[in-house]
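First comes the structure, then the notes that go with it.
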Amino acid sequence: MTAPTIEHVVVLMLENRSFDHMLGWVSGGILPPLTEQDSVPRDPTDPQQFVHVFWHRTYSDVTVDPGHGLESVHRQLAGSDGPWSKPYSLPMNGFVWDYAERRTQASDGSPGLPPVRASEIMGCYPKGSLPVLESLAEAFAVCSRWHCSLPSETWPNRLFAHAGTSFGAVRYDRPLHDGPTIFDLLDAAGHGSRVYAGDVPQAITFAKSLLPDKVRLLNFFDGAARKDELRSYTFIEPHHFDTRLGKVSSQHPPHDVRRGDALLARVYSALRESPKWDRTLLIVTYDEHGGFFDRRPPPQVAAQRDSSAEFDFDLLGPRVPALIISPWVESGTVDGDFDYDHTSLTHTVREIFDIETSLSEREAASNTVMHLLTRDSPRTTEETPDLRAYANEDWFTPLERIEDGPLDDFQQQLLDLMRAVDDHRGYVAIEAEEALPVSERVARFAERTYPTPMGAEGSA
22 MTAPTIEHVV VLMLENRSFD HMLGWVSGGI LPPLTEQDSV PRDPTDPQQF VHVFWHRTYS
82 DVTVDPGHGL ESVHRQLAGS DGPWSKPYSL PMNGFVWDYA ERRTQASDGS PGLPPVRASE
142 IMGCYPKGSL PVLESLAEAF AVCSRWHCSL PSETWPNRLF AHAGTSFGAV RYDRPLHDGP
202 TIFDLLDAAG HGSRVYAGDV PQAITFAKSL LPDKVRLLNF FDGAARKDEL RSYTFIEPHH
262 FDTRLGKVSS QHPPHDVRRG DALLARVYSA LRESPKWDRT LLIVTYDEHG GFFDRRPPPQ
322 VAAQRDSSAE FDFDLLGPRV PALIISPWVE SGTVDGDFDY DHTSLTHTVR EIFDIETSLS
382 EREAASNTVM HLLTRDSPRT TEETPDLRAY ANEDWFTPLE RIEDGPLDDF QQQLLDLMRA
442 VDDHRGYVAI EAEEALPVSE RVARFAERTY PTPMGAEGSA
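If you want our numbering, it's the position in the sequence shown, counting the first as 1, plus 21.
Here it is as structure tokens:
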């Protein structure tokens with residue numbers, strides 16, 4: 022077999038869903054397909070009553086944002102309160118117990134409400150419910166052993182995806198970080214990179230690496246792909262807020278997962294119609310499991326040098342969905358042989374573009390996905406699914422009126438990032454802008470911070 026030539030790597034990272042929650046129906050992976058016989062105890066300390074997996078019949082989501090910080094994930098995986106201790110014992114039996122203790126985020130500061138039902142956390146999407154994710158899983162490759170990089174929340178896991186480390190952070194600790202990142206390594210090797218953002222991408226925590234010229238609004242991605250204007254490496258972040266630029270497509274609970282499915286169709290369709298489709302690799306994954314049920318205990322890995330007092334960074338987090346999409350991938354591939362985490366993203370990019378410098382010891386030791394590109398020749402466009410019909414939101418619901426609602430922890434952190442980036446760039450917000458609704462502040466930040474491509478509609 023001749024190794025395929027890949028000129029463009031595109032990564033789409035979505036939010037807070039576990040493997041079993043989204044792809045538990047897949048056959049041929051590390052575990053048998055999920056069934057409604059799978060269960061966990063309601064209380065691990067008194068395992069007399071069990072709560073079973075159930076398949077969602079509608080698109081209603083959880084009524085409370087599940088726990089996904091270091092402490093909550095310990096409760097979910099170990100079935101007990103922390104701290105983390107070795108040897109690790111992870112029966113994966115605390116998901117319902119932990120979720121039952123969650124509360125909504127009340128905007129007036131009062132204690133929020135508990136979940137309507139603790140069993141909500143065991144809901145999973147059956148085959149047939151998410152047509153784009155399902156079509157791509159069946160037409161390309163599923164990695165059934167892809168884990169987030171540490172058993173904790175969004176921010177440090179996304180740091181791992183760009184820098185091969187969270188710099189010792191186990192939770193959100195500050196809005197801005199310095200490199201080195203994969204963007205810096207690509208620059209040094211003479212390769213271009215870009216982030217396409219629905220609004221405020223977490224990636225601009227690396228403002229020195231990415232601003233002012235490496236970020237564009239997501240609206241420009243489709244045209245860039247179809248005109249063969251993508252750079253060597255593209256990282257895509259969805260809409261994290263409801264704004265006039267678009268509604269939340271990240272799939273962060275409790276937002277409609279179908280918007281993320283539509284975004285996935287849009288990204289895939291633009292690449293499939295690009296002149297370099299046969300030289301493109303698309304990787305789709307999620308930053309962390311979001312507190313949702315998964316069966317597989319995460320594996321141990323070598324401890325990192327920048328371990329914190331709370332955690333040795335020698336254990337991956339729960340599994341997340343991961344798809345490897347390329348016409349060089351054989352249809353129906355399910356990889357149950359290799360463990361991956363988010364450092365596999367940057368290691369794969371380095372392997373493709375022949376960059377020897379690694380970002381961390383973890384990253385250097387991680388598995389890449391190039392062994393999944395097994396075909397002797399790429400499939401033609403006609404041999405891959407046409408998902409253009411799903412590439413907008415019209416197939417399920419029109420865009421509703423934009424109204425500010427309660428913000429989750431990650432959205433609050435992104436607002437902190439906005440302020441830090443404005444300070445970094447010397448922008449002083451006028452008083453009238455500070456008084457605007459969050460949705461409009463976010464939209465204005467995105468429009469003034471990322472340049473409009475030359476020749477784009479509306480550009481000067």
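Note that CB positions come from ideal geometry on N, CA and C, so glycine has one too.
Please read these numbers as outputs of a predicted model, since none were measured by experiment.
Residue i versus residue j - alpha carbon distance
{"i": "Gly479", "j": "Thr473", "result": "In this prediction, Gly479 has a pLDDT of 35, which is less than 50 and means its spatial position is unreliable; what the coordinates show is noted afterwards. About 8 Å."}
{"i": "Arg465", "j": "Leu266", "result": "10 Å"}
{"i": "Asp249", "j": "Val370", "result": "19 Å"}
{"i": "Val137", "j": "Asn37", "result": "20 Å"}
{"i": "Arg396", "j": "Phe161", "result": "11 Å"}
{"i": "Val463", "j": "Ala286", "result": "25 Å"}
{"i": "Gly353", "j": "Lys148", "result": "15 Å"}
{"i": "Ser253", "j": "Gly244", "result": "16 Å"}
{"i": "Trp298", "j": "His368", "result": "22 Å"}
{"i": "Asp67", "j": "Glu122", "result": "16 Å"}
{"i": "Ser140", "j": "Asp362", "result": "28 Å"}
{"i": "Asp64", "j": "Leu157", "result": "37 Å"}
{"i": "Thr186", "j": "Gln126", "result": "30 Å"}
{"i": "Met143", "j": "Phe116", "result": "8 Å"}
{"i": "Thr402", "j": "Tyr146", "result": "28 Å"}
{"i": "Pro274", "j": "Phe181", "result": "22 Å"}
{"i": "Lys235", "j": "Ser101", "result": "44 Å"}
{"i": "Ser398", "j": "Val350", "result": "10 Å"}
{"i": "Ala467", "j": "Pro108", "result": "46 Å"}
{"i": "Leu44", "j": "Ser93", "result": "23 Å"}
{"i": "Arg166", "j": "Leu393", "result": "14 Å"}
Where the alpha helix (DSSP H) containing residue i begins and where it ends
{"i": "Pro177", "result": "175-184"}
{"i": "Arg287", "result": "278-293"}
{"i": "Ala453", "result": "452-455"}
{"i": "Ala121", "result": "Premise fails: Ala121 is in no alpha helix (DSSP H) and is neither H nor E."}
Cβ-Cβ distance between residue i and residue j below 8 Å
{"i": "Val163", "j": "Leu344", "result": "yes"}
{"i": "Ser150", "j": "His95", "result": "no"}
{"i": "Pro339", "j": "Asp375", "result": "no"}
{"i": "Pro172", "j": "Leu428", "result": "no"}
{"i": "Arg192", "j": "Leu91", "result": "yes"}
{"i": "Val31", "j": "Thr301", "result": "yes"}
{"i": "Pro319", "j": "Thr405", "result": "no"}
{"i": "Gly281", "j": "Ser290", "result": "no"}
{"i": "His89", "j": "Gly312", "result": "yes"}
{"i": "Glu382", "j": "Asn178", "result": "no"}
{"i": "Leu238", "j": "His29", "result": "no"}
{"i": "Pro54", "j": "Val47", "result": "yes"}
{"i": "Pro196", "j": "Ala441", "result": "yes"}
{"i": "His198", "j": "Leu435", "result": "no"}
{"i": "Ser332", "j": "Trp176", "result": "Ser is not the amino acid found at residue 332; the sequence shown has Phe there. Cβ atoms of Phe332 and Trp176: not closer than 8 Å."}
{"i": "Arg446", "j": "Leu232", "result": "yes"}
{"i": "Ala246", "j": "Ser295", "result": "yes"}
{"i": "Asp400", "j": "Tyr80", "result": "The amino acid occupying residue 400 in the given sequence is Arg; Asp does not appear at that position. Result no, Cβ atoms of Arg400 and Tyr80 do not sit closer than 8 Å."}
Residue environment, residue i, which counts as buried when at least 16 other CB atoms sit within 10 Å
{"i": "Asp86", "result": "buried"}
{"i": "Phe71", "result": "exposed"}
{"i": "Ala453", "result": "exposed"}
{"i": "Val449", "result": "exposed"}
{"i": "Ala481", "result": "Bear in mind that the predicted position of Ala481 carries a pLDDT of just 29, short of 50, making it unreliable; the figure below should be weighed with that in mind. Flag for Ala481 reads exposed."}
{"i": "His168", "result": "buried"}
{"i": "Arg326", "result": "exposed"}
{"i": "Gln432", "result": "buried"}
{"i": "Tyr471", "result": "buried"}
{"i": "Thr364", "result": "buried"}
{"i": "Glu384", "result": "buried"}
{"i": "Gln97", "result": "buried"}
{"i": "Phe204", "result": "buried"}
Cβ-Cβ separation, residue j to residue i (assumed contact under 8 Å), whole Å
{"i": "Thr306", "j": "Met34", "result": "6 Å"}
{"i": "Phe40", "j": "Val355", "result": "No, Phe40 and Val355 are not in contact; Cβ-Cβ is about 12 Å, not under 8 Å."}
{"i": "Glu258", "j": "Ala224", "result": "6 Å"}
{"i": "Gly189", "j": "Ser329", "result": "5 Å"}
{"i": "Leu292", "j": "Leu284", "result": "Not confirmed; about 13 Å, so no contact."}
{"i": "Thr226", "j": "Leu438", "result": "6 Å"}
{"i": "Phe256", "j": "Val216", "result": "5 Å"}
{"i": "Pro201", "j": "Leu366", "result": "Contact doesn't hold; Cβ gap of about 15 Å is too wide."}
Interface flag, residue i vs chain B, CB-CB below 8 Å
{"i": "Arg293", "result": "Structure shown: chain B not included; a single protein chain is present."}
Residue i: first and last residue of the uninterrupted beta strand (DSSP E) it sits in
{"i": "Asp356", "result": "354-356"}
{"i": "Ser214", "result": "214-218"}
{"i": "Val221", "result": "Premise fails: Val221 is in no beta strand (DSSP E) and is neither H nor E."}
{"i": "Ala162", "result": "162-164"}
{"i": "Phe256", "result": "254-258"}
{"i": "Leu35", "result": "29-35"}
{"i": "Val236", "result": "236-238"}
Residue i: CB within 7 Å of a non-hydrogen atom of the ligand GTP
{"i": "His73", "result": "You won't find the ligand GTP in this model; it holds no ligand whatsoever."}
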